[in-house]
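**Q** So the sequence shown is numbered by our numbering: it starts at 9 and just counts up by one.
Here it is, the structure, as structure tokens.
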Amino acid sequence: MIDRLSPQARSANMAKIRGRNTSPELVVRRILHSLGVGYRLHVARLPGRPDIVMTGRRLIIEVRGCFWHRHPGCSQASTPKTRPEFWAQKFLSTVSRDEKNETAIRALGYDLLIVWECETSETTALKQRIIDFLALQKKPPLDAPGRPIHQKKDQPLR
Ligand SMILES: [Zn+2]
């Protein structure tokens, strides 16, 4: 079967192949760094292996590609004209997995900020959103003074 991708699907596909350190995620990481906020990446023990986790604050930032994760109303979230059923199935499974993970993450007491790929080009607005999100920190930090800030990779999350 000839699998012809639209240019948009192809570039989204390439972004996916490039892996998790895609540039939209780097934009968010740079903002957090500029705010002096520490974080951990791709925490495997949390549902969906979330991109950016501020463990002590119980905050998570997920950076989502508009095409694969179907950013509502976004021009990047178009559907390729060929093989519509194939794409519908693929998108449905991605979106339902995202929803499932989101529910599970919130059930663990984390707050979640979704940053869409297209939003990472407006860094000033994005930075403000992140600052607002960090202010959400309702719960007392779990990292009490005197406790080591850096955990070893295999230690369970508290
Ligand atoms: Zn978008």
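Quick reminder that beta carbons are idealized off the backbone N, C-alpha and C, glycines included.
1. Between Glu33 and Ser104, what straight-line distance do the alpha-carbon atoms span, to the nearest angstrom?
2. Is the closest heavy atom of ligand 1 to the C-beta of Trp124 under 8 Å?
3. Run the CB neighbour count on Asp140, radius 10 Å, all protein chains shown included, and call it buried at 16 or more, exposed below.
4. Taking 8 Å as the threshold, find out whether the region 112-126 comes into contact with the region 61-68 through three or more Cβ pairs.
5. Work out the CA separation of His79 and Glu70 for me, nearest whole Å.
6. Quick check on Glu70: does DSSP put it in helix, strand or coil?
**A** Once the coordinates are examined:
1. 22 Å
2. yes
3. exposed
4. yes
5. 13 Å
6. strand
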